[in-house]
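Visitor:
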Amino acid sequence: MPTSQTSRTPSSSSQITHPRCLCGKVAPVRTSNKPTSMGMRFYRCANYWKGKKCGFFEWIDSPCDCGRDELVQKIDLLERQLDLLER
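Residue 8 in full-length UniProt numbering sits at position 8 of the sequence shown, and the numbers go up by one each step.
1. Among the residues of its own chain, which have a CB less than 6 Å from the CB of D69, if the five just before and after it don't count?
2. Work out the CA separation of I75 and D86 for me, nearest whole Å.
3. In the DSSP assignment, what are the bridge partners of R44?
4. Would you kindly work out how many angstroms separate the C-alpha atoms of N47 and E58, rounded to a whole number?
5. What's the C-alpha gap between L22 and D83?
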């Protein structure tokens with residue numbers, strides 16, 4: 001089971017608890033850029049890009065339906081318009 005580590009950020013006196021991945025390292029915070037979870041933050045294995053990942057993953061933000069579908073539709077429309085302009 002992953003453990004947690006508490007740290008303070010230089011710009012804030014609030015404490016932030018970061019879980020440790022199964023590799024034993026503090027799991028860094030990442031932000032999703034996938035259309036279905038755009039902007040949602042999560043913790044991921046610290047070794048993810050080093051080829052030794054343990055598979056640890058944990059969402060920080062809970063999913064919401066805060067207009068995400070409309071945003072995805074707008075992004076799709078803009079991508080199609082960009083494709084037309086690049087031709």
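Backbone N, C-alpha and C define an ideal beta-carbon position, used for all residues, glycine too.
Guide: Inspection of the coordinates gives the following:
1. none
2. It is Glu, not Asp, that sits at residue 86 in the sequence shown. Straight-line Cα distance between these residues: approximately 16 Å.
3. F57
4. 15 Å
5. 43 Å
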